[in-house]
Amino acid sequence: MKQMSATELQALLQSGVKPLLIDVREPHELANGVIEGAVHIPMNDIPGRLEEFASHKDQSVVLICRSGKRSAQVGQFMEHVGFTDVINLDGGMNDWASQVDSSMTVY
518 MKQMSATELQ ALLQSGVKPL LIDVREPHEL ANGVIEGAVH IPMNDIPGRL
568 EEFASHKDQS VVLICRSGKR SAQVGQFMEH VGFTDVINLD GGMNDWASQV
618 DSSMTVY
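Numbering (my numbering), first residue to last: 518 to 624.
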């Protein structure tokens, strides 16, 4: 699984590339901020909702959580079930908030 920093993701999005962004945080965490265009699917719901994004198996999928740990676990699972271009947002939303969008909360 690839790792991508917050600033690398920002540059990728600004370049016009549109990977599938999946935010695996819990619903109450979204109040701290979200990355525009991200689909919210809590970590524990991913296995039961794979069909929703199965068409992206061979496309870039960026996984997002608070710090990068939960999204890394989801990434390992997704690779195991056949996703080929899984990217973990290293440092998660906390790095996004501190390095890209200071209007968001580090928590």
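Backbone N, C-alpha and C fix where the C-beta goes; we use that ideal spot for every residue, glycine too.
Computed from a predicted structure; not experimentally measured.
Beta-carbon gap between residue i and residue j smaller than 7 Å
i: N605; j: Q531; result: no
i: T466; j: Q590; result: The structure shown has nothing for residue 466, since the chain only spans 518 to 624.
i: D618; j: G585; result: no
i: V579; j: P536; result: yes
i: M595; j: G550; result: no
i: G592; j: M518; result: yes
Residue i versus residue j: straight-line alpha-carbon distance, rounded
i: S577; j: I558; result: 17 Å
i: L547; j: R583; result: 10 Å
i: H545; j: T601; result: 30 Å
i: D612; j: L529; result: 16 Å
As assigned by DSSP and simplified to three states, the class of residue i
i: D562; result: helix
i: D612; result: helix
i: M521; result: strand
i: S588; result: helix
i: M621; result: coil
i: S532; result: coil
Pick from the options that is closest to residue i, judged by C-alpha positions
i: N561; options: R542, H573 and E525; result: R542
i: I539; options: S522, D575, S620 and V603; result: V603
i: G609; options: S588, T601 and F600; result: S588
i: A614; options: G533, E553, L567 and A571; result: E553
i: Q527; options: V623, L567 and I581; result: I581
Beta bridge counterpart(s) of residue i as assigned by DSSP
i: S577; result: D602
i: I539; result: V556 and L580
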